[in-house]
Amino acid sequence: MKPTAGEKTFYAINSFILLLLGVTCLFPLVNTIALSLSDLQAIASGKVTIYPVGWNTDAFASLFRGTRIVPAFWNSLTITIVGVIISMVATTMTAYPLSRRIFFGRRFFTLAMVFTMLFSGGMIPTYLVVKFYGILDSYWALWLPAMISTYNLLVMRTFFENIPEEVDDAARIDGCTDLSYLLRIVLPLSMPVIATLTLFYGVGYWNSFMSVLIYINETSKYNLTVLVQNMIQSQSLLQEIVLQSGQVEEQVEVVPESLKAAGVLVMVIPMLVVYPFLQKHFVKGVMLGSVKG
6 MKPTAGEKTF
16 YAINSFILLL
26 LGVTCLFPLV
36 NTIALSLSDL
46 QAIASGKVTI
56 YPVGWNTDAF
66 ASLFRGTRIV
76 PAFWNSLTIT
86 IVGVIISMVA
96 TTMTAYPLSR
106 RIFFGRRFFT
116 LAMVFTMLFS
126 GGMIPTYLVV
136 KFYGILDSYW
146 ALWLPAMIST
156 YNLLVMRTFF
166 ENIPEEVDDA
176 ARIDGCTDLS
186 YLLRIVLPLS
196 MPVIATLTLF
206 YGVGYWNSFM
216 SVLIYINETS
226 KYNLTVLVQN
236 MIQSQSLLQE
246 IVLQSGQVEE
256 QVEVVPESLK
266 AAGVLVMVIP
276 MLVVYPFLQK
286 HFVKGVMLGS
296 VKG
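Next comes the structure, spelled out in structure tokens:
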């Protein structure tokens, strides 16, 4: 059926609005890349917009020489990798029984978990619980409270429910136990939702900010997000970075704006690299996991 004139107008307006939103979202990233690679005069005169003016990579050199950005990068990587593994295992092991219709108390446990989406204990009670268990100033204070996201749990549970019961019946006839059925049949069929939730958890742990500020006291354990935030807010720290770069003559080539932009890019690039590999599973994982709610 050919679209009517009204429908064409509607699609054109929608396309224009989406294009405008896309450009609005993309411009800050492009501008940040341009700032990190431009020279002092171009940045100071405000000539930098969407492309570098006067190619200059001294900001990255000063950043890696004068800050703890490398240890912070490894801290972020540790928090993310271990956190994703813990969260995916916990979410899978919780979602599977909740997806089984024969599981006793299935509805009660599901409602109890949904309740936590609407009402939470809050920051101070959570802090007191973490302190009670003696895990302050350790990464367990980040991993344990964020181990299971209820939203992610519901998406995975619904995805498991969409696997035909005939598959389960055939597996039972072949002698599968619950564990072997989960590991050998359910998980291989659930790669879209596993990839999607891995991305959700990964982005969450990589961008951890408030939880690190609240539970981590040792600055040597700070992740990239906190380090870059401190660098952006502290002008004196930026000057110190330039001084600690060890080459005084570079002070005229590095400005705070380019250092800030370089720090932001170092924090953002890993997620930009990972996302395309998981994007193909993204729509299928979320859609199939949300059909029944």
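Numbering (this note's numbering), first residue to last: 6 to 298. Even glycine gets a Cβ: it sits at the ideal position worked out from N, Cα and C.
Distance CB(Ala200)-CB(Ile190) smaller than 7 angstroms: no
Under 7 angstroms, do Gly88 and Trp148 count as touching if we go by C-beta distance? yes
Please state if the CB of Ser92 and the CB of Tyr320 are separated by a distance shorter than 7 angstroms. Absent from the model: residue 320. The displayed extent of the chain is 6 to 298, so no value can be given.
Here's the rule: buried if 16 or more other CB atoms are within 10 angstroms of the residue's CB, otherwise exposed. What is Arg112? exposed
Quick one: complete alpha helix (DSSP H) runs, 4+ long, within the segment 50-78? 63-71
Residues near Met272 by beta carbon distance below 6 angstroms, same chain, minus five either side: Leu229 and Val233
Within 10 Å of its beta-carbon, does Ile86 have 16 or more other beta-carbons around it, so buried, or fewer, so exposed? exposed
Thinking Thr155 and Met122 are a contact (beta carbons under 8 angstroms), I'd like their distance in whole angstroms, please. 5 angstroms
Which two residues bound the contiguous alpha helix (DSSP H) that contains Ala151? Counting along the chain, Ala151 falls outside any alpha helix (DSSP H), and DSSP gives it neither H nor E.
According to DSSP, is Leu275 helix, strand or coil? Residue identity differs from the one stated: residue 275 is Pro in this sequence, not Leu. Three-state result, Pro275: helix.
Which residue marks the beginning of the alpha helix (DSSP H) containing Asp183, and which one marks its end? Asp183 to Tyr186
Can you name, in chain order, every residue of its own chain whose Cβ lies under 8 angstroms from the Cβ of Leu204, other than the five neighbours on each side? Val279, Tyr280, Leu283 and Phe287
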